[in-house]
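**Student:** Quick one: this structure, given as structure tokens, is what I'll be asking you about.
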Amino acid sequence: MIGRDTIDRIRARINLLALASETVKLTRRGRSHIGICPFHQEKSPSFSVSENFFHCFGCKQSGDCFKWVELTEGLSFHEALKKLAERAGVPIEDERSDFDRAADQRARKAKDDLYAINAMAAGYFQRMLLEHPLASYATNELARRGLAHDGEAKAVLESFKVGYAPHGWEGLATFLRQNGVSPAHAETLGLLAPRANGSGYYDAFRHRLMVGIIDVQGRVVAFSGRVLDDPEPKREESSGKEGHGPPPKYVNSRESQIYSKGQTLFGLFQARNAVRSLGEAVIVEGNFDLIAMHARGIEHVVAPMGTAFTDDQARLVRRFAPSLVLLFDADSAGRKATWAARETCKKAELSVRVARMAEGKDPDEFLQARGAAAMKEVLKAARSLDEVLCDDLCDPVGEGANLAAKQAALAKIRPILEEQEVTLRDHLAKRVSVRLGLEPATLWRLIRGGQGDVDDDVGGGGGWARADSDGTPERVSRPRTPDTEQERFSQTLVEVLLVCPEIVEDPALDHWLGLVTGDWAFAVVELRREMRNSRLKNSDPDMAAVLAQLPQTIQEAAAAKLADPVLETTYTASEKGQDSKKLTALASSADGRPDPVIARRVIRETGVKLEKAVAVARYREIEREIDRAESSGDFDKAIALAVEKTRLATSLRKAGIEARSELPS
Numbered sequence: 065m066i067g068r069d070t071i072d073r074i075r076a077r078i079n080l081l082a083l084a085s086e087t088v089k090l091t092r093r094g095r096s097h098i099g100i101c102p103f104h105q106e107k108s109p110s111f112s113v114s115e116n117f118f119h120c121f122g123c124k125q126s127g128d129c130f131k132w133v134e135l136t137e138g139l140s141f142h143e144a145l146k147k148l149a150e151r152a153g154v155p156i157e158d159e160r161s162d163f164d165r166a167a168d169q170r171a172r173k174a175k176d177d178l179y180a181i182n183a184m185a186a187g188y189f190q191r192m193l194l195e196h197p198l199a200s201y202a203t204n205e206l207a208r209r210g211l212a213h214d215g216e217a218k219a220v221l222e223s224f225k226v227g228y229a230p231h232g233w234e235g236l237a238t239f240l241r242q243n244g245v246s247p248a249h250a251e252t253l254g255l256l257a258p259r260a261n262g263s264g265y266y267d268a269f270r271h272r273l274m275v276g277i278i279d280v281q282g283r284v285v286a287f288s289g290r291v292l293d294d295p296e297p298k299r300e301e302s303s304g305k306e307g308h309g310p311p312p313k314y315v316n317s318r319e320s321q322i323y324s325k326g327q328t329l330f331g332l333f334q335a336r337n338a339v340r341s342l343g344e345a346v347i348v349e350g351n352f353d354l355i356a357m358h359a360r361g362i363e364h365v366v367a368p369m370g371t372a373f374t375d376d377q378a379r380l381v382r383r384f385a386p387s388l389v390l391l392f393d394a395d396s397a398g399r400k401a402t403w404a405a406r407e408t409c410k411k412a413e414l415s416v417r418v419a420r421m422a423e424g425k426d427p428d429e430f431l432q433a434r435g436a437a438a439m440k441e442v443l444k445a446a447r448s449l450d451e452v453l454c455d456d457l458c459d460p461v462g463e464g465a466n467l468a469a470k471q472a473a474l475a476k477i478r479p480i481l482e483e484q485e486v487t488l489r490d491h492l493a494k495r496v497s498v499r500l501g502l503e504p505a506t507l508w509r510l511i512r513g514g515q516g517d518v519d520d521d522v523g524g525g526g527g528w529a530r531a532d533s534d535g536t537p538e539r540v541s542r543p544r545t546p547d548t549e550q551e552r553f554s555q556t557l558v559e560v561l562l563v564c565p566e567i568v569e570d571p572a573l574d575h576w577l578g579l580v581t582g583d584w585a586f587a588v589v590e591l592r593r594e595m596r597n598s599r600l601k602n603s604d605p606d607m608a609a610v611l612a613q614l615p616q617t618i619q620e621a622a623a624a625k626l627a628d629p630v631l632e633t634t635y636t637a638s639e640k641g642q643d644s645k646k647l648t649a650l651a652s653s654a655d656g657r658p659d660p661v662i663a664r665r666v667i668r669e670t671g672v673k674l675e676k677a678v679a680v681a682r683y684r685e686i687e688r689e690i691d692r693a694e695s696s697g698d699f700d701k702a703i704a705l706a707v708e709k710t711r712l713a714t715s716l717r718k719a720g721i722e723a724r725s726e727l728p729s
């Protein structure tokens with residue numbers, strides 16, 4: 065543990081004004097100096113620095129020299145302290161034993177040696193790009209990408225340590241040996257590999273376009289090499305290593321004491337100032353996608369190291385900015401990576417948007433074809449991650465799909481909607497309803513499911529399929545007995561439509577039919593579609609076809625109602641002019657066909673009951689959501705839900721439902 069006296073000595077020896085002037089252009093004003101804040105975008109300077117303290121009157125960032133290094137270089141306090149101790153010439157004294165300090169010094173020296181070897185190798189590769197006879201293969205590949213080494217991209221290529229690993233087996237090995245580098249140390253970094261016959265080492269990177277992987281402190285920690293065309297008619301000699309075959313397109317350094325691919329973000333060192341200034345990072349999949357962006361002036365771009373975007377990488381981004389734009393390829397792998405990034409970004413508290421390129425190109429190809437201005441428009445048009453995920457789930461299904469496909473999409477969409485604040489939740493639900501051809505009110509009933517307190521059912525009490533381990537709904541073949549009021553009333557409404565389908569398109573009944581929940585809601589959708597089809601064909605609706613399309617959970621009950629198409633309702637004596645108090649009426653006319661007048665009456669009677677049941681269930685659901693929001697510290701969401709709860713309670717009382725008797729207290 066480092067003592068307070070040591071920290072105070074470092075702080076006293078560091079002139080913050082001189083330190084900040086290396087990054088920000090400052091102008092003297094009174095006792096302080098002012099400039100454009102490096103932590104947010106602004107046109108008029110609101111950033112003030114003295115010898116010991118900085119403060120921005122715009123974004124409110126402030127602190128001492130340690131905080132400055134933490135923010136500008138993305139370091140932890142301990143890392144910033146070590147960096148400033150070296151600058152100030154203050155030896156770091158801690159309270160550990162001599163043995164522990166000596167072990168720490170040895171470990172630090174070993175790492176420093178590895179950093180030095182990588183820096184030496186990077187310089188060698190860069191020199192070979194300029195001097196080697198076969199370097200034209202590398203420079204031609206760069207020129208093909210619009211990154212000519214002798215053009216405007218030169219500075220960017222140098223900042224990424226772009227070079228050439230020579231054709232042959234011992235170019236780098238010889239260079240390192242001549243400079244006193246142990247081949248065993250170079251092997252631990254993945255620069256050299258031992259020959260199978262034990263006669264020495266050979267170069268791990270051969271005839272490749274090389275890129276240096278630099279950590280957030282500016283040190284070369286690894287390399288990535290892209291394969292180049294074989295220089296015909298020359299062929300490489302045997303390395304003494306067994307195994308042949310076409311080389312992989314990209315080869316990356318192995319993990320080592322100084323490099324972990326899951327903890328490293330390619331390009332973050334070069335992008336850090338732009339990311340901090342814009343408050344946003346863009347993440348792409350490939351190294352040369354990133355370099356192409358930087359070379360065209362789009363500098364707030366980073367990339368994972370050939371792996372999924374990890375929790376550690378997300379936390380690295382969060383050190384510099386609160387927002388992230390995913391610019392992945394528009395293929396299936398890119399969509400899968402987009403979905404996988406959701407939970408990662410959520411843990412890091414990153415706000416995420418998604419940008420998609422037209423023509424199915426990757427960023428490098430898009431920039432070559434369309435240019436930087438078009439790419440900036442793509443980034444400007446980025447949409448929220450959850451909106452894109454909902455669209456990706458709905459678009460392959462569409463409104464014309466069968467019920468099973470819609471059910472599968474909704475099973476995956478439901479958890480996304482459940483996590484949203486109220487306004488965004490409503491917006492996303494409307495988008496989903498349009499894409500799946502569902503009425504908005506019906507969609508809400510399907511999402512909420514009317515499940516009461518049952519939380520492990522993907523779609524709630526309407527007989528939804530459960531989801532298996534990969535999120536794909538598993539069809540449930542057995543019929544369910546309705547066990548909630550919402551289900552029972554929903555079944556009654558659909559049974560009315562089955563025996564009198566022509567009323568399904570009656571606008572006066574839309575409100576009630578929009579409340580139908582679970583798989584019964586799919587039946588409403590299917591009936592409407594069949595009525596449209598029959599009208600176009602000028603024929604009677606094919607109820608057998610409707611039945612075949614219904615989820616298996618409700619097919620048996622629907623078939624029973626079609627076999628016995630009788631509906632019942634009640635009238636008061638005064639309504640019918642009878643002496644009895646109530647009279648049961650069959651929903652059929654003289655010719656035996658269902659009576660639409662009675663059918664509409666049953667819809668209205670049952671709809672009123674369903675509306676009350678839905679409201680009570682929603683009231684209870686809101687209370688659970690409030691508890692969860694308060695437990696997680698999301699008080700803004702809790703307040704919004706409390707407002708919705710109060711509004712709902714008022715409407716329930718107007719409908720004759722007293723909170724003290726039918727609602728939780």
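For the sequence shown, my numbering begins at 65 and goes up steadily by one. Note that CB positions come from ideal geometry on N, CA and C, so glycine has one too.
With 16 other CB atoms within 10 Å as the buried threshold, where does residue 605 fall?
**Tutor:** Classification for residue 605: buried.
**Student:** Measure how close the beta-carbons of residue 154 and residue 70 come, nearest whole angstrom, since I'm counting them as under 8 Å.
**Tutor:** Contact flag correct, Cβ pair sits at about 7 Å.
**Student:** Please say whether residue 387 and residue 341 have beta carbons closer to each other than 7 Å?
**Tutor:** Not in contact: residue 341 and residue 387 (Cβ atoms no closer than 7 Å).
**Student:** Please determine, among 454, 394, 101 and 447, the residue with the shortest C-alpha to C-alpha distance to residue 425.
**Tutor:** Considering only alpha carbons, the answer is 394.
**Student:** Are three or more beta carbon pairs between the region 206–214 and the region 235–245 nearer than 8 Å?
**Tutor:** Touching, no.
**Student:** Please classify residue 101 as buried or exposed, where buried requires at least 16 other C-beta atoms within 10 Å of its C-beta.
**Tutor:** Its Cβ being crowded by 16 or more others within 10 Å, residue 101 is buried.
**Student:** What are the partner residues of residue 448, as DSSP defines its beta bridges?
**Tutor:** DSSP lists 417 as partners of residue 448.
**Student:** Take the Cβ of residue 497 as the centre, count every other Cβ of all protein chains shown within 10 Å, and call the residue buried at 16 or more, exposed below.
**Tutor:** Buried, because 16 or more other Cβ atoms sit within 10 Å of the Cβ of residue 497.
**Student:** Mind pulling the alpha helix (DSSP H) runs of 4 or more residues that sit fully within the region 174–209?
**Tutor:** Correct list: 200–208.
**Student:** Can you tell me whether residue 535 is helix, strand or coil according to DSSP?
**Tutor:** Because residue 535 sits at a pLDDT of 36, beneath the cut-off of 50, its placement in the model cannot be relied upon, and the following sentence gives the value as read from the coordinates. Coil.
**Student:** Where do the ends of the alpha helix (DSSP H) carrying residue 564 lie?
**Tutor:** No alpha helix (DSSP H) holds residue 564; DSSP gives it neither H nor E.
**Student:** Does DSSP put residue 672 in a helix, a strand or coil?
**Tutor:** Here residue 672 sits in helix by DSSP.
**Student:** Grab me the residues of residue 175's own chain with a C-beta within less than 8 Å of its C-beta, minus the 5 sequence neighbours each way, in chain order.
**Tutor:** Same-chain partners within the cutoff: 321 and 322.
**Student:** Closest by CA to residue 87, which one among 460, 113 and 398?
**Tutor:** The option with the nearest alpha carbon to residue 87 is 113.
**Student:** Hey, which unbroken runs of the alpha helix (DSSP H) at 4 residues or more fall wholly within the region 576–623?
**Tutor:** Here the runs fully enclosed are 582–601 and 607–613.
**Student:** For the region 223–231 against the region 275–289, do three or more pairs of beta-carbon atoms, one drawn from each stretch, fall closer than 8 Å, so that the two count as touching?
**Tutor:** Touching, yes.
**Student:** Tell me the DSSP bridge mates of residue 241?
**Tutor:** Residue 241 pairs with nothing; no bridge assigned.
**Student:** What is the rounded straight-line gap between the Cα of residue 311 and the Cα of residue 268?
**Tutor:** One C-alpha to the other measures close to 12 Å.
**Student:** Between residue 78 and residue 148, how many whole angstroms is the CB-CB distance? I'm expecting something under 8 Å.
**Tutor:** Yes, they are in contact, since the Cβ atoms of residue 78 and residue 148 sit about 6 Å apart, within 8 Å.
**Student:** Here's the rule I'm using: 16 or more other beta-carbon atoms within 10 Å means buried, otherwise exposed. How should residue 80 be labelled?
**Tutor:** Per the 10 Å Cβ criterion, buried.
**Student:** Can you grab the Cα-Cα spacing for the pair residue 699 / residue 716, in whole Å?
**Tutor:** Approximately 25 Å, taken between the alpha carbons.
**Student:** I need the boundaries of the alpha helix (DSSP H) containing residue 493, first residue and last residue.
**Tutor:** That run of the alpha helix (DSSP H) goes 486–500.
**Student:** Just to confirm my understanding: we take residue 600, look at its own chain, exclude 5 residues before and 5 after, and list those with CB closer than 6 Å. What are they?
**Tutor:** Result list for residue 600: empty, nothing under 6 Å.
**Student:** Identify whether residue 71 lies in helix, strand or coil by the three-state DSSP scheme.
**Tutor:** Residue 71 falls in the helix class under three-state DSSP.
**Student:** Helix, strand or coil: how does DSSP classify residue 346 here?
**Tutor:** Correct three-state label for residue 346: strand.
**Student:** Quick check: the Cα distance between residue 336 and residue 362, rounded to an integer number of angstroms?
**Tutor:** Using only the alpha carbons, I get a separation of about 12 Å.
**Student:** Quick check: what's the CA-CA separation for residue 562 versus residue 677?
**Tutor:** Computed Cα separation, rounded: 23 Å.
**Student:** So for residue 123, helix, strand or coil by DSSP?
**Tutor:** Note: residue 123 maps to coil in three-state DSSP.
**Student:** Could you pull out every unbroken beta strand (DSSP E) segment of at least 3 residues lying fully inside the region 326–377, listed in chain order?
**Tutor:** Counting only runs of 3 or more, we get 344–347.
**Student:** In terms of residue numbering, what span does the alpha helix (DSSP H) encompassing residue 289 cover?
**Tutor:** Careful: residue 289 lies outside any alpha helix (DSSP H), inside the beta strand (DSSP E) at 284–291.
**Student:** Helix, strand or coil for residue 507, going by three-state DSSP, please let me know.
**Tutor:** Reduced to three states, the DSSP call for residue 507 is helix.
**Student:** Leaving out the 5 sequence neighbours to the left and right, which residues in its chain are closer than 6 Å to residue 318 when beta-carbon positions are compared?
**Tutor:** 254.
**Student:** Could you tell me how far apart the beta carbons of residue 481 and residue 489 are, in whole angstroms, since I believe they sit closer than 8 Å?
**Tutor:** Yes, residue 481 and residue 489 are in contact; Cβ-Cβ is about 5 Å, under 8 Å.
**Student:** Hey, how far is the Cα of residue 391 from the Cα of residue 420?
**Tutor:** Their backbone Cα atoms lie some 6 Å apart in a straight line.
**Student:** Which residue comes first and which comes last in the beta strand (DSSP E) that contains residue 111?
**Tutor:** 111–113 is the extent of the beta strand (DSSP E) around residue 111.
**Student:** Give the DSSP bridge partners of residue 389, in chain order.
**Tutor:** DSSP lists 346 and 417 as partners of residue 389.
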